[in-house]
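These notes concern the structure reproduced below.
Number of protein chains: 2
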Amino acid sequence: MIDRLIEKIDKTGNPSVVGLDPAYEMIPGKIKKEMLDSYGKTPKAVAEMFIAFNKGLIDGLHDIVPAAKPQIAMYEKYGLEGLRAYVETTRYAKEKGMIVIGDIKRGDISTTAAAYAAHIGMTAIEGDVFDLWNEDAVTLNPYMGFDGIEPFIKPCNEFDKGVFILVKTSNPSSADLQDLDASGAPLYEKAAALVGEWGKLAMGSMGYSRVGAVVGATFKEQGERLRKVMPSTFFLVPGYGAQGGKGSDIKGFFGSGRRGCIVNSSRGIIAAYKKDPVYGDGDFAEAARAAALKMKEDITG
Amino acid sequence: MIDRLIEKIDKTGNPSVVGLDPAYEMIPGKIKKEMLDSYGKTPKAVAEMFIAFNKGLIDGLHDIVPAAKPQIAMYEKYGLEGLRAYVETTRYAKEKGMIVIGDIKRGDISTTAAAYAAHIGMTAIEGDVFDLWNEDAVTLNPYMGFDGIEPFIKPCNEFDKGVFILVKTSNPSSADLQDLDASGAPLYEKAAALVGEWGKLAMGSMGYSRVGAVVGATFKEQGERLRKVMPSTFFLVPGYGAQGGKGSDIKGFFGSGRRGCIVNSSRGIIAAYKKDPVYGDGDFAEAARAAALKMKEDITG
């Protein structure tokens, strides 16, 4: 997965990922009306809205943006119907050749972690095997330690999948725990050292591990320092755009050859049509494409 | 929720919760055969197995065990069908009067955390309101700080729901991050102090907060110390039984009046029929009831 991701980034020249995090208020009026008319004020209607919106976005982006990162919470909000939209989204993004990163931030232990690992592994039932989530990689939480990560290592290697482990997140209160001084260094640096170690268990062939890290764009110096702590760790970088991170902030997050990072934007791309009066409701995919190209210029310029 | 939980524990005299964490290999042969015959080797067959198994367990336990804690990972493993079994399980446990704690360990920020909060809040669609998960409380991960917790406080108060935040988990590698020395005290004590503070925002009327903590039974001294750090925090205690925790280990986790804790057992109850040759395949609910009564004696004796 990590080699495929690097190749796809090199090919598009665009180290970015679109966050497919739909919210009800982002849905273009025409789609909203159609689904409410067909299915009433129901979770099914919202699921159909998300599917139509995401498919339009994927059609407009898949040749210029290498990866898609749906945030499962936005779908889980609408229960089983919402999750059906999530699975339909991952399926369609994969079909269109995008690398799919499930932003699920799961974190649990032993048999439970092994059950979550079905996201990137396979689910076997009496010898028959199912890929039920269509993800190439998922995000994970490190709070429970290696017991929570270990069950994902084998599917990473066996099925060429990946994980990105939270190290330094982009939100203001990430400091509550992550910045606590842990024996002379902030906790997130300790987490980073562990992620670097764990990463050795699942190396790709292009210098980076299938075990990556989440490092927020909003903390410039910390990100630069973490690049040194984790030289073989690929960074998934949230917090660009709407949360305040800029292209110039993250130059130092990259490794040699300008590789080693993929930068996420969600609202800034998928809801771009709402920001610019030049675009109408029906132009949401076109607006997203223009925003994605602008972002590419900003982060690679 | 926390007052209702305390009242229900007082009424049953049993501060325990059954972990409804079904695994394929736990399913009694008769149920397994019936569902494979009806639905083939499919996720739907496994979902129907889990529903039949859980309903039998709930029927056998609901009058003596105050709460049920389904671990969502075990269901997520089987994709959308698995999650249908989760929702059917929470619905049925609630209908039978049990307090339902969704073991989801979610942790994210701002709009994303707000979306996850639908687990204990309500999902509104054009003014219509849906309770899609049937949970009274959920477990949360604190790694991202207060930004990840704050969106849950309002539904806790508005709908009388609860959360349990990971502080010191029961697994061996919980030490990787949680035990790091953070300015003179282990990290989990810092997390505990935060959870105690956050708890003040959602107090119940019986001395405990709707914001609880997860504290593993496998760490006796740490749990006793945490009771002092968080006097108004209700503890959800995993790690009893199969993981090695005993009733005598957790005496000091309780607060005054022997309140303040609810102890989880999963395999030890739901798969009890596999341990004792006295029970056959069809007696799984009876075996679970006997195991639950034995556990009650151990933790209250």
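Chains A and E are the protein sequences, given in the same order.
The first sequence: position 223 = 223 (my numbering), numbered continuously.
The second sequence: position 119 = 1119 (my numbering), numbered continuously.
The beta carbon of each residue, even a glycine, is placed where N, CA and C say it ideally should be.
> Checking contacts by CB at 8 Å: is A/Phe50 closer than that to chain E?
Replying inline: On the first sequence, residue 50 of chain A is found 50 positions in, with the first residue counted as 1. No, because no Cβ of chain E sits closer than 8 Å to the Cβ of A/Phe50.
>> Please list the terminal residues of the continuous beta strand (DSSP E) segment that includes A/Asp103.
In response: In the first sequence, counting from the first residue as 1, residue 103 of chain A sits at position 103. From DSSP, the beta strand (DSSP E) with A/Asp103 extends over 99-106.
> For the region 1084-1101 of chain E, which residues have a CB atom closer than 7 Å to at least one CB atom of chain A, in sequence order?
Replying inline: Those residues of the region 1084-1101 of chain E that come within reach of chain A (Cβ to Cβ, closer than 7 Å) are Arg1084, Val1087.
> Residue ranges of each alpha helix (DSSP H) run of no fewer than 4 residues wholly in the region 51-122 of chain A, ordered along the chain?
Replying inline: 72-76, 79-95, 110-116
> By how many angstroms is the C-alpha of A/Cys156 removed from the C-alpha of A/Val195?
Replying inline: Counted from its first residue, the first sequence places residue 195 of chain A at position 195. Counted from its first residue, the first sequence places residue 156 of chain A at position 156. A/Val195 and A/Cys156: Cα-Cα distance of roughly 14 Å.
> Whose C-beta lies closer than 6 Å to the C-beta of E/Ala1114 among residues of the same chain, with five residues either side of it excluded?
Replying inline: The residue given as residue 1114 of chain E occupies position 114 in the second sequence. Pro1151, listed in sequence order.
> Assuming A/Ile299 and A/Ile269 make a contact with CB atoms under 8 Å, what is their CB distance in whole Å?
Replying inline: For the purposes of this step, residue 299 of chain A is taken as the residue at position 299 of the first sequence. For the purposes of this step, residue 269 of chain A is taken as the residue at position 269 of the first sequence. Their Cβ separation, rounded to whole angstroms, is 12 Å, which puts A/Ile299 and A/Ile269 out of contact at 8 Å.
>> Quick check on A/Val138: buried or exposed, where buried means 16 or more other Cβ atoms within 10 Å of its Cβ?
In response: Translated into positions along the first sequence, residue 138 of chain A becomes position 138. Label assigned to A/Val138: buried.
> Once you ignore the five residues that flank E/Ala1291 on each side, which residues in its own chain have a CB closer than 7 Å to its CB?
Replying inline: Taking the second sequence and counting its residues from 1, one reaches residue 1291 of chain E at position 291. Same-chain partners within the cutoff: Gly1268, Ile1269, Ala1272.
> DSSP beta-bridge partners for A/Asp181?
Replying inline: Along the first sequence, one-based indexing puts residue 181 of chain A at 181. A/Pro186.
> What are the boundary residues of the beta strand (DSSP E) that includes A/Asp128?
Replying inline: Against the first sequence, residue 128 of chain A aligns to sequence position 128. Looking at the DSSP string, the run of the beta strand (DSSP E) that includes A/Asp128 is 128-130.
>> Going by beta-carbon coordinates alone, are E/Pro1231 and E/Gly1216 separated by less than 8 Å?
In response: Position 231 of the second sequence, counted from the start, is the residue given in the question as residue 1231 of chain E. Position 216 of the second sequence, counted from the start, is the residue given in the question as residue 1216 of chain E. Cβ distance not < 8 Å, so E/Pro1231 and E/Gly1216 don't count as in contact.
>> Can you pull out the residues from the region 4-24 of chain A whose beta carbon lies closer than 8 Å to at least one beta carbon of chain E?
In response: Asp21, Ala23, Tyr24
> Hey, how far is the Cα of E/Leu1140 from the Cα of A/Ala175?
Replying inline: As a first step, residue 1140 of chain E must be located in the second sequence, where it is residue number 140. As a first step, residue 175 of chain A must be located in the first sequence, where it is residue number 175. Cα to Cα, E/Leu1140 sits roughly 17 Å from A/Ala175.
>> Quick check on E/Asn1171 - is its C-beta less than 8 Å from some C-beta in chain A?
In response: Sequence index remark: in the second sequence, residue 1171 of chain E carries index 171 (1-based). Output row for E/Asn1171: interface = yes.
>> In whole angstroms, give me the CA-to-CA distance for E/Asn1134 and E/Val1087.
In response: The sequence position of residue 1134 of chain E within the second sequence is 134, counting from 1. The sequence position of residue 1087 of chain E within the second sequence is 87, counting from 1. Between E/Asn1134 and E/Val1087, the C-alpha separation is close to 7 Å.
>> For a cutoff of 8 Å on Cβ pairs, would you count A/Tyr208 as touching chain E?
In response: In the first sequence, the residue the question calls residue 208 of chain A occupies position 208. Not an interface residue.
> To the nearest whole angstrom, what separates the beta carbons of A/Met1 and A/Gly162, a pair I think is in contact under 8 Å?
Replying inline: Within the first sequence, numbered from 1, the residue matching residue 1 of chain A stands at position 1. Within the first sequence, numbered from 1, the residue matching residue 162 of chain A stands at position 162. Their Cβ separation, rounded to whole angstroms, is 4 Å, which keeps A/Met1 and A/Gly162 in contact under 8 Å.
> Who are the neighbours of E/Tyr1240 on chain A, taking C-beta pairs under 9 Å?
Replying inline: In the second sequence, residue 1240 of chain E corresponds to position 240, counting from 1. Correct list: empty, because the minimum Cβ distance to chain A is about 15 Å.
>> Mapping the DSSP letters down to three states, classify A/Val278 as helix, strand or coil.
In response: By 1-based counting over the first sequence, the position of residue 278 of chain A is 278. Correct three-state label for A/Val278: coil.
> A/Ile101 and A/Val18 look like a contact to me (Cβ under 8 Å); what is the Cβ gap, rounded to whole Å?
Replying inline: Position 101 of the first sequence, counted from the first residue, corresponds to residue 101 of chain A. Position 18 of the first sequence, counted from the first residue, corresponds to residue 18 of chain A. Not really, about 10 Å apart at Cβ, beyond 8 Å.
>> Please tell me whether A/Tyr78 has its Cβ less than 8 Å away from any Cβ of chain E.
In response: Residue numbering aside, residue 78 of chain A sits at position 78 when the first sequence is read from its first letter. Chain E, which has a Cβ nearer than 8 Å to the Cβ of A/Tyr78, makes this yes.
> What in chain A is Cβ-close to E/Thr1123, meaning under 8 Å?
Replying inline: Position 123 of the second sequence, counted from the start, is the residue given in the question as residue 1123 of chain E. Pro43, Lys77, Tyr78, Gly79, listed in chain order.
> Hey, E/Pro1070 and E/Leu1005: beta-carbon distance below 8 Å or not?
Replying inline: Along the second sequence, one-based indexing puts residue 1070 of chain E at 70. Along the second sequence, one-based indexing puts residue 1005 of chain E at 5. Not closer than 8 Å, so no.
> If the cut is a Cβ gap below 8 Å, which residues of chain E does A/Ser38 touch?
Replying inline: Position 38 of the first sequence, counted from the first residue, corresponds to residue 38 of chain A. The premise fails here: A/Ser38 is roughly 14 Å from chain E at the closest Cβ pair, so nothing lies under 8 Å.
>> Tell me which residues share the same chain as A/Asp179 and place their Cβ nearer than 8 Å to its Cβ, disregarding the 5 neighbours each side in the sequence.
In response: Position 179 of the first sequence, counted from the start, is the residue given in the question as residue 179 of chain A. Here the set comprises Pro186, Leu187, Tyr188.
>> Does the contact criterion of 3 or more C-beta pairs under 8 Å hold for the region 241-248 of chain A versus the region 201-218 of chain A?
In response: yes
>> With distance defined between alpha-carbon atoms, name the residue in A/Glu158, A/Gly79, A/Gly97 nearest to A/Ala117.
In response: Residue mapping note: residue 117 of chain A aligns to position 117 of the first sequence, counting from 1. In terms of CA proximity to A/Ala117, A/Glu158 leads the group A/Glu158, A/Gly79, A/Gly97.
> Interface residues of chain E around A/Ala287 at Cβ under 8 Å?
Replying inline: To locate residue 287 of chain A, count along the first sequence from 1; it is residue 287. Ordered by position in chain E, no residue passes the 8 Å Cβ test against A/Ala287, which lies about 20 Å from the chain.
> Between which two residues does the alpha helix (DSSP H) containing A/Thr300 stretch?
Replying inline: As a position in the first sequence, residue 300 of chain A is number 300, starting the count at 1. Counted as a single uninterrupted DSSP element, the alpha helix (DSSP H) harbouring A/Thr300 occupies residues 284-300.
> Under the rule that 16 or more other beta-carbon atoms within 10 Å means buried, what is A/Ser266, buried or exposed?
Replying inline: Translated into the one-based positions of the first sequence, residue 266 of chain A becomes position 266. Answer is buried; the Cβ neighbour count reaches 16.
> Hey, would you say A/Asn14 sits closer than 8 Å to A/Ile64, going by beta carbons?
Replying inline: Residue mapping note: residue 14 of chain A aligns to position 14 of the first sequence, counting from 1. Residue mapping note: residue 64 of chain A aligns to position 64 of the first sequence, counting from 1. With respect to A/Ile64, A/Asn14 sits close: the two C-beta atoms are nearer than 8 Å.
> Are there 16 or more other CB atoms within 10 angstroms of the CB of E/Gly1148, so buried, or fewer, so exposed?
Replying inline: On the second sequence, position 148 is the one that residue 1148 of chain E refers to. By the beta-carbon neighbour count (other beta carbons within 10 angstroms, threshold 16), E/Gly1148 is buried.
>> Pull the bridge partners of A/Ala47 from the DSSP assignment, please.
In response: Along the first sequence, read from residue 1 onward, the residue named residue 47 of chain A stands at position 47. DSSP, once it has assigned bridges, lists no residue as partnering A/Ala47.
> Between which two residues does the alpha helix (DSSP H) carrying E/Lys1008 extend?
Replying inline: One-based indexing of the second sequence puts residue 1008 of chain E at position 8. 1002-1012 is the span of the alpha helix (DSSP H), which, as asked, contains E/Lys1008.
>> Can you pull out the residues from the region 134-156 of chain A whose beta carbon lies closer than 8 Å to at least one beta carbon of chain E?
In response: Asn141, Pro142, Tyr143, Met144, Gly145, Phe146, Asp147, Gly148
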